[in-house]
Amino acid sequence: QKEVEQNSGPLSVPEGAIASLNCTYSDRGSQSFFWYRQYSGKSPELIMFIYSNGDKEDGRFTAQLNKASQYVSLLIRDSQPSDSATYLCAATNSGGYQKVTFGTGTKLQVIP
Amino acid sequence: DAMVIQNPRYQVTQFGKPVTLSCSQTLNHNVMYWYQQKSSQAPKLLFHYYDKDFNNEADTPDNFQSRRPNTSFCFLDIRSPGLGDAAMYLCATSRDPAGGQETQYFGPGTRLLVL
Numbered sequence: 087q088k089e090v091e092q093n094s095g096p097l098s099v100p101e102g103a104i105a106s107l108n109c110t111y112s113d114r115g116s117q118s119f120f121w122y123r124q125y126s127g128k129s130p131e132l133i134m135f136i137y138s139n140g141d142k143e144d145g146r147f148t149a150q151l152n153k154a155s156q157y158v159s160l161l162i163r164d165s166q167p168s169d170s171a172t173y174l175c176a177a178t179n180s181g182g183y184q185k186v187t188f189g190t191g192t193k194l195q196v197i198p
Numbered sequence: 011d012a013m014v015i016q017n018p019r020y021q022v023t024q025f026g027k028p029v030t031l032s033c034s035q036t037l038n039h040n041v042m043y044w045y046q047q048k049s050s051q052a053p054k055l056l057f058h059y060y061d062k063d064f065n066n067e068a069d070t071p072d073n074f075q076s077r078r079p080n081t082s083f084c085f086l087d088i089r090s091p092g093l094g095d096a097a098m099y100l101c102a103t104s105r106d107p108a109g110g111q112e113t114q115y116f117g118p119g120t121r122l123l124v125l
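Chains H and R are the protein sequences, given in the same order.
If you want the working numbering, it's the position in the first sequence, counting the first as 1, plus 86.
If you want the working numbering, it's the position in the second sequence, counting the first as 1, plus 10.
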């Protein structure tokens, strides 16, 4: 069974600090990986996607992918209270990119 | 703005009373998905359409059906809602997974309450 694992948290960081969110996946054939932010009671919002090993930066967000270790992470620099949300990691399924598997999410709390 | 729209945003129904949730998209994406999400859980894929091709998940109950009459619209029908079907229902689209454009974009969701 394809799985995406995340620590449920909550992960608490002070305002201005770096938040580090981690995700592991079991499907070695997964090629594409996504981070979504979900505020309570709202739908998931795409933050970043990454296909290649290494780092990908977009503003305050950096996604890191290590396919050998089957590990994806999201770093949020200069964390703001508005970043407080649940962050979902997702990975495409091997054998067809139509579907992705989601993790249960990590709840992030940024303390002012 | 191109987007994914879901109606209604909140739906209250009675136990056993059929309900239909609607999703529309102006993105002209090939694939439309329906997910069920309960509190503190991952979104659970119910089914998806790749163009007109319907793909049901093996563990989706028969109580859940879907229709896609055209590219823009997709409906989720719950024939006899039970208390356990109370959840957020999320519609998502992706442009062309076979062409490497598999990123999914979500609508705002419909929160279903079953009394």
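Even glycine gets a Cβ: it sits at the ideal position worked out from N, Cα and C.
Judged by their CB atoms, R/GLN16 and R/VAL29 are not nearer to each other than the 9 Å cut-off.
H/GLU131 belongs to the set of residues whose beta carbon lies under 9 Å from a beta carbon in chain R. DSSP, reduced to helix, strand and coil, places H/PRO100 within a strand of the structure shown.
Taking 8 Å as the cut-off between beta carbons, the residues of the region 128-153 of chain H near chain R are LYS128, SER129, PRO130, GLU131, LEU132, PHE135, in sequence order. Look at the region 127-182 of chain H and you find these whole runs of beta strand (DSSP E), each 3 residues long or longer: 131-136, 140-144, 147-152, 157-162, 171-178. Counting C-beta pairs closer than 8 Å gives fewer than three between the region 84-99 of chain R and the region 171-187 of chain H, which falls short of the contact rule. Annotation: R/LEU123 to R/THR23 spans about 6 Å, alpha carbon to alpha carbon. The three-state reading of DSSP puts R/ASP61 in coil, since its state is none of H, G, I, E or B.
By the rule that beta-carbons nearer than 9 Å mark a contact, H/SER94 touches chain R.
In terms of Cα proximity to H/PRO100, the closest of H/THR172, H/ASP164, H/GLN150, H/PHE119 is H/ASP164.
For R/GLN35, the enclosing beta strand (DSSP E) starts and ends at 29-35. Residue contact check for R/LEU56 against chain H: no CB pair falls below 9 Å.
Closest option to H/VAL186, judged by alpha-carbon separation, among H/LEU174, H/LYS193, H/GLN195: H/LEU174. For the region 165-182 of chain H, the set of positions with a beta-carbon nearer than 9 Å to some beta-carbon of chain R reads THR172, LEU174, ALA176, THR178, GLY182 in chain order. Against chain R, the CB of H/SER112 has no partner CB under 9 Å away; the residue lies outside that interface. Judged by their CB atoms, H/THR172 and H/TYR111 are not nearer to each other than the 9 Å cut-off. Per DSSP, H/ARG123 is one residue of the beta strand (DSSP E) stretching across 119-124. At least 9 Å separates the CB of H/TYR125 from every CB of chain R.
In this structure, DSSP gives R/ASP69 a state outside helix and strand, which the three-state scheme calls coil.
Burial state of H/ILE104 is exposed, judged by a 10 Å Cβ sphere holding fewer than 16 other Cβ atoms.
Identification of residues in the region 181-198 of chain H having a C-beta nearer than 9 Å to some C-beta of chain R yields GLY182, TYR183, GLN184, LYS185, VAL186, THR187, PHE188, GLY189, THR190, GLY191, LYS193, given in sequence order.
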